[in-house]
Amino acid sequence: MRLNRLPNETKATDKFTIIDELARRRGFFWQSNDIYGGVAGFATYGPLGAKLKQNIERKLRELFVNKLGILEIESPIITPAKVFEASGHVDHFKEPMVECLKCKKRFRADHLLQEFAKIDESESEKMGLKELKEAIEKHNIKCSECGGTLGEPKLFLTMFKTTIGPYSQAIGYGRPEAAQGIFVEFRRLYEMAREKLPFGVLQIGHALRNEISPRQGLIRLREFTIVDLEFFFDPEEPDCLLLKDVENEKLHLFLAEAKLRGSEEITDVTVKEALRKGYIKTEWQAFFMACFQKLVEDLGVPAEKQRFIEKLPWERAHYSIQSFDQQFYDERWGWTEVSGHAYRTDYDLKRHMEFSGQDMRVYKEYEKPVEREQLVIKPIMARLGPTFKKDAAAVAKMLSKANAEEIKVSIEKSGHYMLGKYKVLPEHMEIQRQKVVERGRRFIPHVVEPSVGSDRLVYVALEYAYRVKDDRTLLSFPRDIAPIQIGIYPLVSKDGLPEKASELHEMLLDEGFIVDYDEAGSIGRRYARADEIGIPLGITVDYDTLKDNTVTIRDRDSWRQVRSSIEALPELLCKYFKWKINFEDLGKPFKG
RNA sequence: GCGGUUGUAGUCUAGUUUGGUCUAGGACAUCAGCCUGCCACGCUGACGACCCGGGUUCAAAUCCCGGCAACCGCACCA
């Protein structure tokens, strides 16, 4: 990611600062462990923030788990080292750094070699520390800032490492992504999906990344909540069954090809076009990108403030062959990631298959069994034995595994076949054409992975909800994510109004709404307080309520009011919060 | 990690240059009470802070050193 640069003197009143202050003051989030000075990269959610986050995650679950039938699991954060050795994280999730001995500037060792020694990326990535050191010395690379000598390259592993139990050799890592918790359970999950592809598994949970220098509040944390969705499909049947639902959605793509040209050109295409023109390699990936655009839109970010930026090959994670980052436009930080969309292919399952020895393949039956002729080599042990003696068994095994066509060609041409160091002759084997019936095939499913940071969604929702109206702050949350749904206020705190309002409060709580009761201060002040934490509706109990059991309902964003009877409230409010009706439908216009 | 700037109640801040009535002032918020008739009214009162640790000094919010944290820049960012 390239953050847009800001002028040196940032206005003290930019949105980030305001939201940071508001968040602390009203209890959305703040830096953890403050009484001990705090440490960067950890945040605590207060009562409102915790609720906001839950609501956003609930929305995500409604979309993916409830509507699309994606399976949700929950797996541990601490994971045995083996898992991340298999996943490639132990090798890749670290950065070789060198420090200039003179000016103390630090650089990525591999990047230096790419830049100054023209060693290509794939090569420099494979280098160990020694090789890096030697290469730096050989090419006489100096500090690009001050010309000073560079120190020893050192690796910085960005996973948190720990030991499991009292055994120091039992190494564990804090997971840097929730995805591996899904991959390692693939076999069971596949059974739970009734052994059918495609299917998806989602996990929402904490992940740990020991960032070198986290900043930007909720945007970059060392411990954060990640939502990983692994969607498994048959690479030979990559069609997305749900593409119809999104194919005409417009996506703003910032393609790698444009980036390479140094251009900031945005390609505006529909999902359908993006696939047809090959901008996005797999249908399911395009589908999820459209879903996430919609989701972020529903959190308050208009589509034109969003884009998908394609990662350049060397920017991509080790497991991905195509990645897009979903970004939103942030006033302070510029284009900022909310989600990543990686085509992980069969990388992870394949690696776990290799490292664990467990079969991660699925079996798919053909519609009709396929009959085909196959050349089969049958070793004749009676002849192999006398020729190869104690190696005979090994030769026979190799022979059965070898490419039959190749052997046949070789034997027809030269009368023998070289099987490694063994020379095998026609008499050692029988070459047969066999009819083979194949009823299905085994393969490792491919995976597209949308991955999103909950904390970033919370931040984006806050930033885009922030408004100032008549010098008053309000958080204009979409009504379905607002931490508190309804405020109940007696117009004045006397003459029985508080009692009546409390009754209404109890009643709405009983109906399952999240309701706040407030009788402190003037009515205007209470409205203002409520606006600042984004309560969508305010219900005021006044003197008429005592007479005819009606109340006023106030809209946070327009400050308009309608009047409605108390009995009608539960149903009306329920519909309102499900977006079935609008504010005006809640009652008759009212002028206070 | 480096460099620059900074660190005073829940929040924003005055005071730091030139050490001393600073027992640290104000505003907003919060709480208690009065008031209240639809958009931060007013009044009375209460709660509440010098980032942490050393040092210099008769005396430190103020000066010095170290740590921590934040912001900005560099670097990093699957």
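For the first sequence, our numbering assigns the number 1 to the initial residue and increments by one for each residue that follows.
From the three backbone atoms N, C-alpha and C, an ideal C-beta is built for every residue, glycine too.
Within the region 39-64, the complete alpha helix (DSSP H) segments at least 4 residues long are 47-61, listed from N- to C-terminus. Per DSSP, reduced to three states, the secondary structure at Trp335 is strand. Under the DSSP definition of a beta bridge, Gln434 partners with Gln374.
Remark: fewer than three beta-carbon pairs, one from each stretch, lie closer than 8 Å, so the region 344-360 and the region 457-465 are not flagged as touching.
Closest by C-alpha distance to Ile226, out of Glu584, Gly538, Val452, Asp480, is Val452.
Within a 10 Å sphere around the beta-carbon of Arg332 sit 16 or more other beta-carbons, which makes this residue buried. In the DSSP assignment, Gln322 forms a beta bridge with Tyr343.
For the set Thr473, Ala404, Met418, Pro238, the Cα lying nearest the Cα of Tyr343 is the one of Pro238. About 6 Å separates the Cβ atoms of Lys94 and Thr158, confirming a contact at the 8 Å cut-off. As far as DSSP is concerned, Glu137 takes part in no beta bridge.
By alpha-carbon distance to Ser320, the top candidate from His341, Gly415, Pro483 is His341. Within the region 474-539, the alpha helix (DSSP H) runs of at least 4 residues that lie entirely inside it are, in chain order, 497-510, 523-532. The Cβ-Cβ distance between Leu52 and Phe28 falls below 8 Å.
Selection Ala520, Val409, Lys575, Gly538 evaluated against Gln561 yields Gly538 as nearest (Cα-Cα). Here Ser451 is bridged, per DSSP, to Asp228, Gly340. The shortest CA-to-CA distance from Gln434 to any of Gln180, Val376, Lys408, Trp314 is the one to Val376. The straight-line gap separating the alpha-carbon atoms of Val515 and Ile18 is approximately 26 Å. As computed with DSSP, Glu95 is found in a beta bridge with Phe156.
Distances from the CA of Leu71 to each of Arg525, Glu62, Ala109 were compared; the closest alpha carbon is that of Glu62. Annotation for Pro589: the continuous beta strand (DSSP E) segment containing it runs 588-590. Residue pairing of Glu365 in beta bridges, as defined by DSSP: Gly440. Contact annotation: Glu412 and Val370 have beta-carbon atoms that are not nearer than 8 Å.
When C-beta atoms of the region 236-256 are compared with those of the region 474-483, fewer than three pairs fall below 8 Å, so the two segments do not count as touching. Taking C-beta separations shorter than 8 Å and ignoring five residues to either side along the sequence, Gln54 has no partners in its chain. As computed with DSSP, Asp245 is found in no beta bridge at all. Taking a cut-off of 8 Å on C-beta distances, the region 550-565 does not touch the region 505-524, as fewer than three cross pairs fall below it. Judged by their CB atoms, Arg472 and Asp531 are nearer to each other than the 8 Å cut-off.
Rounded to the nearest angstrom, the gap between the Cα atoms of Tyr279 and Ala179 is 25 Å.
Between the alpha carbons of Asp585 and Thr552 lies a gap of roughly 13 Å. Here His416 carries a coil assignment [DSSP, helix/strand/coil].
Cβ neighbours of Phe233 within its own chain (closer than 7 Å, five residues either side excluded): Leu197, Pro198, Trp284, Pro445, His446.
Note on geometry: alpha-carbon atoms of Tyr417 and Glu273 lie some 52 Å from one another. The beta carbon of Asp555 sits closer than 6 Å to the beta carbons of Phe583 from its chain, once the five residues preceding and following it are set aside; these are given in chain order. For the pair Val98 and Gly174, the CB atoms are not nearer than the 8 Å cut-off. Per DSSP, Pro313 is not a residue of any alpha helix (DSSP H), being assigned neither H nor E. For Arg526, the number of other beta carbons within 10 angstroms of its own is at least 16, and it is reported as buried.
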